[in-house]
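Peer 1: Going by UniProt numbering, the final residue of the sequence shown carries number 315, and the count climbs one at a time with no gaps.
Every residue gets a Cβ at the ideal spot worked out from N, C-alpha and C, and that includes glycine.
These numbers come from a predicted model, not from an experiment.
Right, I'll just put the structure down here and ask away after.
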Amino acid sequence: MDRATKGFKRPAVRMACSYLFDWMLCIALIALFLLLDNVTPFKRQFSVEDRSLMYPYKEKEIIPTWALIVIAVVFPAVLMAAVSLFIRRSSYDLHNGILGLLLSVSLTIVVTQVVKVTVGKHRPDFIDRCKPMLNGVSITRDEPLKLWKVDVCTTTDHSVFKDGMRSFPSGHASTSFAGLTYLTLWLAGKMHVFDRKGYSLKSVILMIPILAAMLVTISRIEDDRHSAPDVGWGTFIGIFFAFFSYHQYYPAITRSHSHIPYPPRDFSYLVKDDDGGVHKAGHLEAMTGIHPNEESVDETQQQPEQLTDLESQQS
1 MDRATKGFKR PAVRMACSYL FDWMLCIALI ALFLLLDNVT PFKRQFSVED RSLMYPYKEK
61 EIIPTWALIV IAVVFPAVLM AAVSLFIRRS SYDLHNGILG LLLSVSLTIV VTQVVKVTVG
121 KHRPDFIDRC KPMLNGVSIT RDEPLKLWKV DVCTTTDHSV FKDGMRSFPS GHASTSFAGL
181 TYLTLWLAGK MHVFDRKGYS LKSVILMIPI LAAMLVTISR IEDDRHSAPD VGWGTFIGIF
241 FAFFSYHQYY PAITRSHSHI PYPPRDFSYL VKDDDGGVHK AGHLEAMTGI HPNEESVDET
301 QQQPEQLTDL ESQQS
């Protein structure tokens with residue numbers, strides 16, 4: 001048996017390898033988000049008489065992007081690190097908690113950005129960003145039965161102009177709820193919020209991150225960056241991926257063992273036998289859970305194990 005094979009049989013090495021793809025996937029999603037940020041959104045036609053687009057452009061936001069990162073990512077990560085390392089004393093719990101948080105946020109920002117650039121919805125302050133003019137004269141009225149193209153925009157700040165066509169859905173709303181809803185689920189699992197003992201303090205603690213996400217979302221309407229449907233759909237996207245990502249690494253918060261992350265994965269297919277043969281389980285099968293059949297089979301009928309399950313449920 002060679003040295004590399006012995007190395008793979010070490011528990012720490014096997015665990016690191018089993019989650020390596022997850023970390024690489026999160027990094028790839030973040031890189032994809034940065035690439036999408038340079039894509040010009042779909043250029044929709046607009047009306048200069050549309051009152052929903054007449055709000056003034058504010059250069060200073062209540063919650064800028066760097067503050068959003070601190071609130072939705074850094075704060076949850078620091079809090080999970082404090083609980084995992086100093087209270088539960090479990091580095092594995094910290095690993096799964098941070099990985100789930102990163103997966104939640106990375107999935108959310110990519111989906112949000114894809115929708116933004118393909119929909120191209122104008123922000124409430126778009127006309128102020130656009131500064132529409134025709135032949136040196138400011139446009140204040142629409143032509144009969146016609147809408148204006150973005151070609152009439154005369155703004156020189158292209159980054160501000162391009163951002164003005166990314167209103168739907170709200171990235172601040174989706175990201176804040178992705179990070180802080182995940183944190184809420186993580187804390188709920190640690191505190192056994194559904195242990196039927198009715199401690200009101202748990203509800204108060206869990207309300208804090210949700211309230212913070214709501215305040216971030218409300219600030220986008222106050223800044224005239226988004227309308228109510230924009231932040232509503234952003235909230236839905238963030239909550240959806242928070243629930244999805246949390247349950248990849250932790251059991252449901254209603255379980256008695258909700259504070260314990262799922263055990264490390266079996267990555268035995270990377271380990272060779274003593275005779276040098278590779279285990280039968282394939283990489284794709286282990287990663288996706290899709291089991292190939294040796295030959296074509298008819299799966300329209302109930303299988304024996306399914307009948308056994310039905311009989312046990314009826315009895």
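Taking a contact to mean a Cβ-Cβ separation below 8 Å, would you say V262 touches L99 in this structure?
Peer 2: Position 262 of the sequence shown, counting from 1, holds the residue named residue 262. Position 99 of the sequence shown, counting from 1, holds the residue named residue 99. A quick correction: the sequence has Tyr, not Val, at residue 262. No.
Peer 1: Can you tell me whether F33 is buried or exposed? The criterion is at least 16 other CB atoms within 10 Å of its CB, across all chains shown.
Peer 2: Numbered from its first residue, the sequence shown carries residue 33 at position 33. Buried, since its Cβ has 16 or more Cβ neighbours within 10 Å.
Peer 1: Give the single residue among C17, Q113, S18 and K58 whose Cα lies nearest to the Cα of P41.
Peer 2: Working through the sequence shown from its first residue, we reach residue 41 at position 41. Nearest C-alpha to P41: Q113.
Peer 1: For G289 and A77, I'd like the C-alpha separation in whole angstroms.
Peer 2: Working through the sequence shown from its first residue, we reach residue 289 at position 289. Working through the sequence shown from its first residue, we reach residue 77 at position 77. Taking the straight line joining both Cα atoms gives about 29 Å.
Peer 1: Can you say whether P124 is buried or exposed, counting buried as having 16 or more other CB atoms within 10 angstroms of its CB?
Peer 2: The residue given as residue 124 occupies position 124 in the sequence shown. With 16 or more Cβ atoms within 10 Å of its Cβ, P124 is classed as buried.
Peer 1: I'd like to confirm the pairing. Which residues does DSSP put opposite C153 in its beta bridges?
Peer 2: By one-based count along the sequence shown, residue 153 stands at place 153. Answer by DSSP bridge pairing, in chain order: P132.
Peer 1: May I have the straight-line CA-CA distance separating V111 from M54, to the nearest angstrom?
Peer 2: For this step, residue 111 is matched to residue 111 along the sequence shown. For this step, residue 54 is matched to residue 54 along the sequence shown. Using only the alpha carbons, I get a separation of about 28 Å.
Peer 1: Quick check on this structure: which residue in S159, H257 and R44 has the alpha carbon closest to the alpha carbon of F194?
Peer 2: The residue labelled residue 194 in the question sits at position 194 within the sequence shown. Comparing Cα positions, the closest option is H257.
Peer 1: Which one or two residues does DSSP pair with residue 325 in a beta bridge?
Peer 2: The structure shown does not extend to residue 325, since the chain spans only 1 to 315, so no value can be given for it.
Peer 1: Look up S296 in the DSSP assignment and say whether it is helix, strand or coil.
Peer 2: To locate residue 296, count along the sequence shown from 1; it is residue 296. Note: S296 maps to coil in three-state DSSP.
Peer 1: Which residues mark the beginning and the end of the alpha helix (DSSP H) in which H172 is found?
Peer 2: As a working note, residue 172 is residue 172 in the sequence shown. G171 to M191 is the span of the alpha helix (DSSP H), which, as asked, contains H172.
Peer 1: Can you tell me the Cα-Cα spacing of L25 and S104, whole angstroms?
Peer 2: Residue numbering aside, residue 25 sits at position 25 when the sequence shown is read from its first letter. Residue numbering aside, residue 104 sits at position 104 when the sequence shown is read from its first letter. Roughly 12 Å separates the two Cα atoms.
Peer 1: Under 7 Å Cβ to Cβ from K202, same chain only, skipping five residues before and after it: list those, please.
Peer 2: To locate residue 202, count along the sequence shown from 1; it is residue 202. Excluding residues within five positions, the ones whose Cβ falls inside 7 Å are M191 and V193.
Peer 1: Under 8 Å, do D142 and W148 count as touching if we go by C-beta distance?
Peer 2: The count along the sequence shown starts at 1 and reaches residue 142 at position 142. The count along the sequence shown starts at 1 and reaches residue 148 at position 148. Yes.
Peer 1: State the beta-bridge partners of V70 as determined by DSSP.
Peer 2: If you number the sequence shown from 1, residue 70 lands on position 70. V70 is not bridged to any residue.
Peer 1: What do you reckon, are the CB atoms on I253 and A188 nearer than 8 Å?
Peer 2: As a working note, residue 253 is residue 253 in the sequence shown. As a working note, residue 188 is residue 188 in the sequence shown. A contact, by the Cβ cut-off of 8 Å.
Peer 1: Can you give the Cα-Cα distance for A31 and I260, rounded to whole angstroms?
Peer 2: As a position in the sequence shown, residue 31 is number 31, starting the count at 1. As a position in the sequence shown, residue 260 is number 260, starting the count at 1. Using only the alpha carbons, I get a separation of about 31 Å.
Peer 1: Look at the Cβ atom of D223, then the Cβ atom of I71, and state whether they are nearer than 8 Å.
Peer 2: By one-based count along the sequence shown, residue 223 stands at place 223. By one-based count along the sequence shown, residue 71 stands at place 71. Result no, Cβ atoms of D223 and I71 do not sit closer than 8 Å.
Peer 1: Determine the extent of the alpha helix (DSSP H) in which Q113 is found, giving its start and end residues.
Peer 2: The residue labelled residue 113 in the question sits at position 113 within the sequence shown. S91 to V119 is the span of the alpha helix (DSSP H), which, as asked, contains Q113.
Peer 1: Using only CA atoms, which one of A16, S159, D230 and Q301 lies nearest to D37?
Peer 2: In the sequence shown, counting from the first residue as 1, residue 37 sits at position 37. The residue with the shortest Cα to Cα distance from D37 is S159.
Peer 1: Assign K60 to one of two classes, buried (16 or more other C-beta atoms within 10 Å of its C-beta) or exposed (fewer than that).
Peer 2: Taking the first residue of the sequence shown as position 1, residue 60 is located at position 60. Exposed, because fewer than 16 other Cβ atoms sit within 10 Å of the Cβ of K60.
Peer 1: Using the Cβ count rule (16 or more neighbours within 10 Å means buried), how would you classify F21?
Peer 2: Taking the sequence shown and counting its residues from 1, the one referred to as residue 21 is at position 21. F21 should be labelled exposed.
Peer 1: What's the gap between the Cα of I239 and the Cα of S18?
Peer 2: Here residue 239 refers to the residue found at position 239 of the sequence shown. Here residue 18 refers to the residue found at position 18 of the sequence shown. Distance between the alpha carbons of I239 and S18 is about 27 Å.
Peer 1: Looking at the secondary structure, which residues open and close the alpha helix (DSSP H) in which L206 lies?
Peer 2: Indexing the sequence shown from 1 puts residue 206 at position 206. L206 -> alpha helix (DSSP H) spans S200 to E222.
Peer 1: Can you find a C-beta in chain C that's less than 8 Å from the C-beta of S174?
Peer 2: No chain C is part of this structure, which consists of one protein chain only.
Peer 1: Give the single residue among D298, I221 and Y182 whose Cα lies nearest to the Cα of residue 360.
Peer 2: Shown here, the chain extends from 1 to 315; a query on residue 360 therefore has no answer.
Peer 1: Helix, strand or coil: which one does DSSP assign to V137?
Peer 2: Locating residue 137 in the sequence shown gives position 137, counting from the first residue. Reduced to three states, the DSSP call for V137 is strand.
Peer 1: Sort L183, L107 and R196 by Cα distance to R255 and report the nearest one.
Peer 2: As a first step, residue 255 must be located in the sequence shown, where it is residue number 255. Cα-wise, what sits closest to R255 is R196.
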